[in-house]
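Protein chains in written order, with this note's numbering: chain A, 1 to 336; chain B, 1001 to 1336.
2 protein chains.
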Amino acid sequence: MVTLAEVAQHAGVSASTVSYVLSGKRSISAGTRQRVERSIRELGYHPNAGARALASSRSNIIALMVPLRTDMYVPVMMEIAIAVATTARPHGYDVVLLTGEEGPDAVRRVTGSGLADAMILMDVELEDERLPLLRHTDQPSVLIGLPAETTGLTCVDLDFTATGTLCVQHLAGLGHRDIAVIGEAPAVYERHTGFAERTLDGLRSTARELGLRLLHRPCEGGYDAMALTLSRIFDERPGTSGFVVQNESAIEPLLALLRQWGRAVPEDVSVVAICPDQVAAQASVRLTSVAIPAQEMGRRAVEHLVAKLDGRGKDEVVLLGPELTVRASTGPAPAA
Amino acid sequence: MVTLAEVAQHAGVSASTVSYVLSGKRSISAGTRQRVERSIRELGYHPNAGARALASSRSNIIALMVPLRTDMYVPVMMEIAIAVATTARPHGYDVVLLTGEEGPDAVRRVTGSGLADAMILMDVELEDERLPLLRHTDQPSVLIGLPAETTGLTCVDLDFTATGTLCVQHLAGLGHRDIAVIGEAPAVYERHTGFAERTLDGLRSTARELGLRLLHRPCEGGYDAMALTLSRIFDERPGTSGFVVQNESAIEPLLALLRQWGRAVPEDVSVVAICPDQVAAQASVRLTSVAIPAQEMGRRAVEHLVAKLDGRGKDEVVLLGPELTVRASTGPAPAA
DNA sequence: ATAGGTTGTCGAAGCGCTTCGACTGCGGTG
DNA sequence: CACCGCAGTCGAAGCGCTTCGACAACCTAT
Chain A
1 MVTLAEVAQH AGVSASTVSY VLSGKRSISA GTRQRVERSI RELGYHPNAG ARALASSRSN
61 IIALMVPLRT DMYVPVMMEI AIAVATTARP HGYDVVLLTG EEGPDAVRRV TGSGLADAMI
121 LMDVELEDER LPLLRHTDQP SVLIGLPAET TGLTCVDLDF TATGTLCVQH LAGLGHRDIA
181 VIGEAPAVYE RHTGFAERTL DGLRSTAREL GLRLLHRPCE GGYDAMALTL SRIFDERPGT
241 SGFVVQNESA IEPLLALLRQ WGRAVPEDVS VVAICPDQVA AQASVRLTSV AIPAQEMGRR
301 AVEHLVAKLD GRGKDEVVLL GPELTVRAST GPAPAA
Chain B
1001 MVTLAEVAQH AGVSASTVSY VLSGKRSISA GTRQRVERSI RELGYHPNAG ARALASSRSN
1061 IIALMVPLRT DMYVPVMMEI AIAVATTARP HGYDVVLLTG EEGPDAVRRV TGSGLADAMI
1121 LMDVELEDER LPLLRHTDQP SVLIGLPAET TGLTCVDLDF TATGTLCVQH LAGLGHRDIA
1181 VIGEAPAVYE RHTGFAERTL DGLRSTAREL GLRLLHRPCE GGYDAMALTL SRIFDERPGT
1241 SGFVVQNESA IEPLLALLRQ WGRAVPEDVS VVAICPDQVA AQASVRLTSV AIPAQEMGRR
1301 AVEHLVAKLD GRGKDEVVLL GPELTVRAST GPAPAA
């Protein structure tokens, strides 16, 4: 293993000079810089992460807390995680993956041990138990998601309330009066996961405003659960002609079941999905959808964090405006 | 930030004693141990990761290289990543996420900087350019996947060759003579990704053995790509009655299209999927499938790595035996 | 009683890096 | 022409931990 000292010797300078070449924190003459850089290359030198962290009390690592639960929307998580990792690298940061398993203890461990310089939290609940800890530490953090109380926090999220509104407006504009919402699994609501509840708020308040009837049904993914849910919906509201789906693993089952019920999409019923564009575009019917901009969220979270670490950047709530793309799954409501 | 020295002072012992309480590398009297542990708790002490890494030249971090590409099977990746992270924690390791972006440089960086003690590589190609580096370092590593040449490497993977065999045997046993394979995206084969090629080997050799006709068609996921692929298959081999699918995003489109073609599953055609059990069970038809044991693979990879890090454990190739679960998507071939 | 082994604890020497203060020349200024 | 300031470099002091050798206290076997 090559050390700073070896590079220094090879280049005929002192260790501190090499360090300053690397960090750029003091000016170095062009000649010396080149000599040092050449030695670094020739020896294949990589600074030792531990030593660097110890001396500078900066680990150059960002912690990413992903939910452990698998009742959640996995592809979105993965996309965010990858976006976080790829955005962090060019800024000089690596990413450690913490699963939700440890809960608040993970936050304590990270801040206490200096394992990471900053944290990104996903799967935020409205009253998340990790938040008080976050507020009482000087480690920068960004939430992907929106809790009930955001003072002193930085959050990045899709504006799910507006998303709900947008879905209802679109269906209302097409003349649908009876709308069913296929939601996430019940457990997601029981935990008071921010995005699920806020979507619902948006859906409900807009439906009320526009005088539509709205039926919300949480749904575990999968064909059987969806079959049961759908038959109950048609039992209760046979006239339902608009659907909003916010559970990826319910989408294809829903489409299959609607066919089975003899309801053509979009002639008889319209379906709006809340999911990544790729999923919407690849479904067996091209779905009108509001996109979940996973990459964008991951990227933004990192950029805010880096800004904070550099001393720029303040606490802020960034809500990305939802965009509804009309595809082939929505159309005018059938005449009553 | 609480330090070892502060804990030592609080407990009235020397720093080294506290260190030995933490590591258990020397015997400590019960009384002293308790006093120290109490101080640790009261002060909320967490050892500083950087200092520990520097002094011990052990970072207690495992690097996980995930593929950047999104043409791959994302849920499986995520499941593996989560399994890796949750298995690593109880062994005292954290996980850093490296995206494939950096390629072989990431390996150099990790080994050179002591960022991690060991690596897990995913998305292994048959002639992966990272392998030579891995062989020339003393850092333990485990591949999730199987390259062409495995000497000096430890690999964990599903036995995809046997998986292919199993799929064909199952269909052959039901009397199917004409089989179509819906494969991964063409890019996956162009990269010579291990699992894809080995599955194909298993499928082909078994088909030859049993005298079946086999048509392999790579397929980008999604409805349109699948539609095109399927119509070509029926053009070329109208009598095709057995399908093997190894591309999650082609599954639902395939099922939808088969309905559209008027081919009932499983009465007219049988479909075997290679995918996680959860996906197979939740599809619009309960799919007969060979499971991809993502969690198991992640867990095993970590356990091998930890064994190596503890000085136990040798290079070894672990191939998990495939298991085919019969569900509702396969049945006897229709009379010709 | 004495040599020899255990057990429990301490002090000190690093691990490889960053960073601060100090020093040396230099060119520009009054 | 003496002086100041600055660019460029160096030496040394840590950062917080692990680990080695030393040592005191005790126990056992002779």
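From the three backbone atoms N, C-alpha and C, an ideal C-beta is built for every residue, glycine too.
Check	Outcome
Outcome for A280(A) when other beta-carbon atoms lying within 10 angstroms are tallied against a minimum of 16	buried
Beta-carbon spacing of D1094(B), L115(A) below 8 angstroms	yes
Secondary structure of A1291(B), DSSP reduced to three states	coil
Cutoff 8 angstroms; reference S1141(B); Cβ partners in own chain excluding five residues on either side	A1118, M1119, I1120, L1121, L1134, L1153, T1154 and L1305
Alpha carbon of V1002(B) to alpha carbon of Q139(A), nearest angstrom	15 angstroms
Cβ of P1147(B) within 8 angstroms of any chain A Cβ	no
Residue-chain proximity (E252(A), chain B), Cβ-Cβ < 8 angstroms	yes
Length of the line joining the Cα atoms of I251(A) and P1186(B)	26 angstroms
Chain A within 8 angstroms of H1010(B), Cβ atoms only	no
With 16 other Cβ atoms within 10 Å as the buried cut-off, status of H136(A)	exposed
C-beta contact flag for F1354(B) and I1182(B) at 8 angstroms	With chain B running from 1001 to 1336 in the structure shown, residue 1354(B) is simply not present.
G1321(B) versus E236(A): straight-line alpha-carbon distance, rounded	48 angstroms
Start-to-end residues for the alpha helix (DSSP H) that takes in H10(A)	L4 to A11
Beta carbon proximity, G1222(B) to chain A, threshold 8 angstroms	yes
Length of the line joining the Cα atoms of S1329(B) and L1171(B)	11 angstroms
Proximal residues of chain B, C-beta to C-beta of V95(A) below 8 angstroms	V1096 and L1097
From D1310(B), V1156(B) and S1056(B), residue whose alpha carbon lies closest to that of Q1295(B)	V1156(B)
Whole-number beta carbon distance between P276(A) and P75(A), since they are thought to touch under 8 angstroms	7 angstroms
Inter-residue spacing [alpha-carbon to alpha-carbon] between T240(A) and S270(A)	10 angstroms
Where H176(A) falls: helix, strand or coil (DSSP)	coil
Near-chain A residues of the region 1187 to 1217 of chain B (beta-carbon distance less than 7 angstroms), N- to C-terminal order	none
Best match in R1327(B), N1060(B), G1100(B) and R1204(B) for proximity to G1050(B) [C-alpha to C-alpha]	N1060(B)
Among P147(A), A225(A) and F234(A), the one whose alpha carbon lies nearest that of N247(A)	A225(A)
Chain-ordered chain B contacts of V74(A) [CB-CB under 7 angstroms]	P1075 and M1078
For T163(A) and G331(A), the rounded distance between their alpha carbons	19 angstroms
Limits of the unbroken alpha helix (DSSP H) element including M1078(B)	V1074 to A1088
Distance between A283(A) and A335(A) (C-alpha atoms, nearest Å)	27 angstroms
Below-8 angstroms beta-carbon distance, G1050(B) vs any chain A residue	yes
T151(A) burial status per 10 Å Cβ neighbour count (16 or more: buried)	exposed
Rounded straight-line distance, which links the Cα of T1111(B) to that of T17(A)	24 angstroms
Proximal residues of chain B, C-beta to C-beta of R339(A) below 8 angstroms	Here chain A covers residues 1 to 336 and nothing more, so residue 339(A) does not appear.
Bounding residues of the beta strand (DSSP E) (the contiguous stretch that carries T1099(B))	D1094 to T1099
Beta-carbon proximity list for R191(A), same chain, < 7 angstroms, skipping 5 on both sides	E125
Per DSSP, the bridge partner or partners of G1103(B)	Paired residues: none, contrary to the question.
Whole-Å CB distance - E1129(B) paired with A1148(B), under 8 angstroms assumed	About 13 angstroms; that fails the 8 angstroms criterion.
Range covered by the beta strand (DSSP E) that runs through G242(A)	G242 to V245
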